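As structure tokens, the structure follows; a few thoughts come after it.
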Amino acid sequence: MSRKSFTHLNDWLYWLETTHPETNIEFGLTRITNVLTRAELLTPAPYVITVAGTNGKGSTVALLESVLTGAGYSVGTYTSPHIHRFNERININNEEASDQDLYEAFCAVDKHRQGDWLTYFEFAVAVAACCFKKSGVEIAIMEVGLGGRLDATNAIDPNLSIITTVDLDHQEWLGDTIEKIAKEKAGIMRPDVPAIYGDSPVPESVIEHAKEVGAPLYRREQEFTLTDENTSWCWQGKNWQGVEENIQEIPTPQLVIDNAATVVQAVKLLPYPVSYDQLNEGIARAHLSGRYTKKVVNNKNNDHVQVVFDVAHNPQAARMLREKLEQDPVPGKTRALIAMYRDKDYKSVVSTLTPVIDEWIVSEFDSPRALCASDLKDAIEACGGSVDEALDRDDIINDLSSADRLLIVGSFQTVSKYLNVI
Numbered sequence: 001m002s003r004k005s006f007t008h009l010n011d012w013l014y015w016l017e018t019t020h021p022e023t024n025i026e027f028g029l030t031r032i033t034n035v036l037t038r039a040e041l042l043t044p045a046p047y048v049i050t051v052a053g054t055n056g057k058g059s060t061v062a063l064l065e066s067v068l069t070g071a072g073y074s075v076g077t078y079t080s081p082h083i084h085r086f087n088e089r090i091n092i093n094n095e096e097a098s099d100q101d102l103y104e105a106f107c108a109v110d111k112h113r114q115g116d117w118l119t120y121f122e123f124a125v126a127v128a129a130c131c132f133k134k135s136g137v138e139i140a141i142m143e144v145g146l147g148g149r150l151d152a153t154n155a156i157d158p159n160l161s162i163i164t165t166v167d168l169d170h171q172e173w174l175g176d177t178i179e180k181i182a183k184e185k186a187g188i189m190r191p192d193v194p195a196i197y198g199d200s201p202v203p204e205s206v207i208e209h210a211k212e213v214g215a216p217l218y219r220r221e222q223e224f225t226l227t228d229e230n231t232s233w234c235w236q237g238k239n240w241q242g243v244e245e246n247i248q249e250i251p252t253p254q255l256v257i258d259n260a261a262t263v264v265q266a267v268k269l270l271p272y273p274v275s276y277d278q279l280n281e282g283i284a285r286a287h288l289s290g291r292y293t294k295k296v297v298n299n300k301n302n303d304h305v306q307v308v309f310d311v312a313h314n315p316q317a318a319r320m321l322r323e324k325l326e327q328d329p330v331p332g333k334t335r336a337l338i339a340m341y342r343d344k345d346y347k348s349v350v351s352t353l354t355p356v357i358d359e360w361i362v363s364e365f366d367s368p369r370a371l372c373a374s375d376l377k378d379a380i381e382a383c384g385g386s387v388d389e390a391l392d393r394d395d396i397i398n399d400l401s402s403a404d405r406l407l408i409v410g411s412f413q414t415v416s417k418y419l420n421v422i
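The sequence shown begins at 1 in UniProt numbering and counts up one residue at a time.
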């Protein structure tokens with residue numbers, strides 16, 4: 001089928017997924033820069049925020065979007081991957097881009113390719129930029145897909161750079177140490193453009209790179225801090241004028257509080273005023289599917305069973321999830337269903353979570369990268385966990401009671417498979 005005959009978004013997505021599959025990763029900025037230049041999309045909005053990091057990118061984008069749209073600004077966000085459908089990746093003012101808008105953006109990007117081959121992620125970034133430019137958003141927030149330095153989002157110069165956290169993940173692409181990975185993520189920094197690092201301690205390679213390029217660096221526990229006071233928290237730091245600010249009684253967010261502190265620092269560096277009430281309301285309102293998302297489901301015994309969905313798929317995310325589970329206990333047992341990709345550090349993930357999981361169910365999904373359920377079983381049993389092999393994976397809540405909890409974990413694909421069927 002010729003691309004000229006495409007009439008719907010689904011035509012483009014089928015073509016993209018079959019000819020440029022998401023699993024084909026090819027770093028480099030030349031192709032995407034050429035296309036964005038020809039399409040006049042290198043500046044998709046007057047102000048661009050780029051967000052990198054091992055974990056917390058999606059939450060940081062969601063918090064920024066909630067605060068800034070609540071303050072009355074027009075905001076476009078690009079994130080990846082999606083859970084249910086491609087449209088989730090591109091939002092305009094808290095609304096997913098429509099099929100028609102995405103279809104037209106794909107057509108426009110394709111016209112400007114002029115023979116340049118684009119990866120799945122490069123196409124998606126270019127389509128997002130096209131949607132933002134057409135919609136006339138004031139602020140574009142771009143989530144890095146992998147690394148930073150050579151990620152397609154880095155073809156667009158930011159006005160503010162954020163690195164949420166750095167930990168071990170994607171070592172085959174980014175390096176086998178935290179310092180090497182941090183160096184790749186620091187590649188989103190630009191001269192004289194403020195950069196925020198949202199965790200502590202800060203890797204030396206981040207500090208060194210900021211000095212090399214001349215990017216003012218705002219570090220957690222250095223230039224800004226948070227003080228958690230249970231039902232609320234306080235933020236201390238400097239605004240864009242270098243004036244010290246102390247913000248009291250910020251509501252505890254639904255998302256990770258560390259990311260909220262990073263977002264407050266970001267807001268204080270923006271040339272867009274946000275009031276105290278707008279900040280608080282935006283932080284309290286922000287949510288993100290698949291990040292400790294809770295549902296209550298009635299099983300066949302009419303018991304109301306709590307189900308938690310979390311896309312945690314690396315050691316750092318597993319540690320954060322374990323902490324949440326410990327802080328949010330249930331009177332009964334916690335059962336976990338897990339499926340992961342084989343290129344993830346699944347042994348560390350299950351060893352971190354096993355102390356808070358009473359019984360595991362192992363699964364796998366249809367993907368060349370999928371980890372065999374038997375490998376997961378071996379890893380869980382090796383760290384003292386219990387795997388229930390007799391339980392039907394399609395009947396995982398019917399013997400649980402209202403006192404129990406089910407956790408679905410391991411990847412975006414795992415959450416996607418079960419979020420709307422349980």
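All residues carry an ideal CB built from backbone N, CA and C; glycine is no exception. It should be emphasised that the depicted structure is a prediction, and the values quoted were computed from it without experimental measurement.
Are the beta-carbon atoms of Q254 and H287 separated by less than 7 Å?
Mapped onto the sequence shown, residue 254 falls at position 254. Mapped onto the sequence shown, residue 287 falls at position 287. Yes, Cβ-Cβ distance for Q254 and H287 is below 7 Å.
Would you call the CB atoms of I404 and G332 closer than 7 Å?
Position 404 of the sequence shown, counted from the start, is the residue given in the question as residue 404. Position 332 of the sequence shown, counted from the start, is the residue given in the question as residue 332. Going by the sequence as given, residue 404 is Asp instead of Ile. Yes, these two residues count as a Cβ contact at 7 Å.
My assumption, with CB atoms under 8 Å, is that A182 sits in contact with S200. Please give the rounded CB distance.
Your numbering for residue 182 matches position 182 in the sequence shown. Your numbering for residue 200 matches position 200 in the sequence shown. With 8 Å as the limit, A182 and S200 do not qualify as a contact, their Cβ atoms being about 13 Å apart.
According to the neighbour-count rule (16 or more other Cβ atoms, all chains shown, within 10 Å of its Cβ), is N259 buried or exposed?
Within the sequence shown, the letter at position 259 stands for residue 259. Answer is buried; the Cβ neighbour count reaches 16.
Tell me whether T19 sits in a helix, a strand or coil according to DSSP, three-state version.
By one-based count along the sequence shown, residue 19 stands at place 19. Residue state, collapsed to three classes: helix.
Using CA coordinates, which residue listed in S363, T354 and I422 is at the minimum distance from S411?
Residue 411 sits at position 411 when you count from the first residue of the sequence shown. Out of S363, T354 and I422, S363 has the C-alpha closest to the C-alpha of S411.
Provide the residue span of the alpha helix (DSSP H) that contains F365, from first to last.
Numbered from its first residue, the sequence shown carries residue 365 at position 365. F365 -> no alpha helix (DSSP H), and no H or E assigned at all.
Near E221, which residues of its chain fall below 7 Å by C-beta distance, leaving aside the five closest residues on each side in sequence?
Within the sequence shown, residue 221 is the residue found at index 221, counting from 1. Only S200 meet the Cβ criterion.
Beta-carbon contacts of I83 that lie in its chain and below 7 Å, excluding the five residues immediately before and after
By 1-based counting over the sequence shown, the position of residue 83 is 83. Excluding residues within five positions, the ones whose Cβ falls inside 7 Å are S289, G290, F412, V415, S416 and L419.
Could you tell me whether the Cβ atoms of T60 and T164 are closer together than 7 Å?
Walking along the sequence shown from the start, residue 60 turns up at place 60. Walking along the sequence shown from the start, residue 164 turns up at place 164. Yes, the Cβ-Cβ distance between T60 and T164 is below 7 Å.
Provide the residue(s) that pair with W233 in DSSP beta bridges, ordered along the chain.
By 1-based counting over the sequence shown, the position of residue 233 is 233. For W233, which the question treats as bridged, DSSP gives the partners D228 and I250.
Could you tell me the boundaries of the alpha helix (DSSP H) in which M320 lies?
Along the sequence shown, one-based indexing puts residue 320 at 320. Start and end: P315 to Q327.
Within the same chain, show all residues whose beta-carbon is closer than 6 Å to that of R113, passing over the 5 residues directly before and after it, in chain order.
Taking the sequence shown and counting its residues from 1, the one referred to as residue 113 is at position 113. Closer than 6 Å at the Cβ level, and outside the excluded window around R113, lie V35.
Taking residue 480 and V125 to be in contact with their CB atoms under 8 Å, please state how far apart those CB atoms are, rounded to whole angstroms.
What is shown of the chain runs 1 to 422, which leaves residue 480 out entirely.
N55 lies in the beta strand (DSSP E); which residues open and close that run?
As a working mapping, residue 55 is identified with position 55 in the sequence shown. No beta strand (DSSP E) holds N55; DSSP gives it neither H nor E.
Span separating the alpha-carbon of M142 from that of Y14
Along the sequence shown, one-based indexing puts residue 142 at 142. Along the sequence shown, one-based indexing puts residue 14 at 14. Approximately 24 Å between the Cα atoms of the pair.
Where do the N-terminal and C-terminal ends of the alpha helix (DSSP H) with L407 fall, by residue?
Translated into positions along the sequence shown, residue 407 becomes position 407. Where L407 is concerned, there is no enclosing alpha helix (DSSP H), although the beta strand (DSSP E) it sits in stretches over R405 to V409.
DSSP three-state assignment for E221, whether helix, strand or coil:
Sequence index remark: in the sequence shown, residue 221 carries index 221 (1-based). Here E221 sits in coil by DSSP.
If we count the other Cβ atoms within 10 Å of its Cβ and call it buried at 16 or more, is Y276 buried or exposed?
Walking along the sequence shown from the start, residue 276 turns up at place 276. The residue is exposed, with fewer than 16 neighbouring Cβ atoms inside 10 Å.
Within 10 Å of its beta-carbon, does R89 have 16 or more other beta-carbons around it, so buried, or fewer, so exposed?
The sequence position of residue 89 within the sequence shown is 89, counting from 1. Buried is the call here.
Taking DSSP's pairing of strands, which residues face H304 in a bridge?
By 1-based counting over the sequence shown, the position of residue 304 is 304. Answer by DSSP bridge pairing, in chain order: N298.
Meets three-Cβ-pair contact criterion under 8 Å: the stretch 53 to 67 and the stretch 21 to 40:
no
Which complete beta strand (DSSP E) runs does the stretch 250 to 276 hold, if anything under 3 residues is left out?
none
Could you compute how far the alpha carbon of L226 sits from the alpha carbon of E245?
If you number the sequence shown from 1, residue 226 lands on position 226. If you number the sequence shown from 1, residue 245 lands on position 245. If I take the Cα positions, the gap works out to 12 Å.
At least 3 beta-carbon pairs within less than 8 Å: the stretch 317 to 329 vs the stretch 358 to 373
no
Closest residue to K134 among E223, H170, T354 and T43 (Cα-Cα distance):
Here the question's residue 134 lines up with position 134 in the sequence shown. When only C-alpha atoms are compared, the closest one is T43.
Alpha carbon to alpha carbon, how far is Y197 from L68?
Your numbering for residue 197 matches position 197 in the sequence shown. Your numbering for residue 68 matches position 68 in the sequence shown. Roughly 20 Å between the two C-alpha positions.
Where the alpha helix (DSSP H) through V193 begins and ends:
Within the sequence shown, the letter at position 193 stands for residue 193. Segment: none, V193 is in no alpha helix (DSSP H) and carries neither H nor E.
R335 bridges to which residues according to DSSP?
Walking along the sequence shown from the start, residue 335 turns up at place 335. Its beta-bridge partners are E359 and L406.
For the 8 Å Cβ check, are there 3 or more pairs between the stretch 304 to 322 and the stretch 343 to 352?
yes
Tell me which residue opens and which closes the beta strand (DSSP E) that T77 is part of.
Translated into positions along the sequence shown, residue 77 becomes position 77. That run of the beta strand (DSSP E) goes V75 to Y78.
Output needed for Y120: all residues of its chain with C-beta closer than 8 Å, excluding positions within five of it in sequence on either side, in chain order.
What you label residue 120 is simply residue 120 of the sequence shown in a count that begins at 1. So the list reads L16, E17, H20, P21, E22 and N24, once near-sequence residues are dropped.
Tell me whether K134 sits in a helix, a strand or coil according to DSSP, three-state version.
By one-based count along the sequence shown, residue 134 stands at place 134. DSSP places K134 in helix when its eight states are reduced to three.
Quick one: what does DSSP say F309 is sitting in, helix, strand or coil?
The residue you call residue 309 lines up with position 309 of the sequence shown. Reduced to three states, the DSSP call for F309 is strand.
Assigned secondary structure, Y292 (DSSP; H/G/I helix, E/B strand, else coil)
Numbered from its first residue, the sequence shown carries residue 292 at position 292. Here Y292 sits in coil by DSSP.
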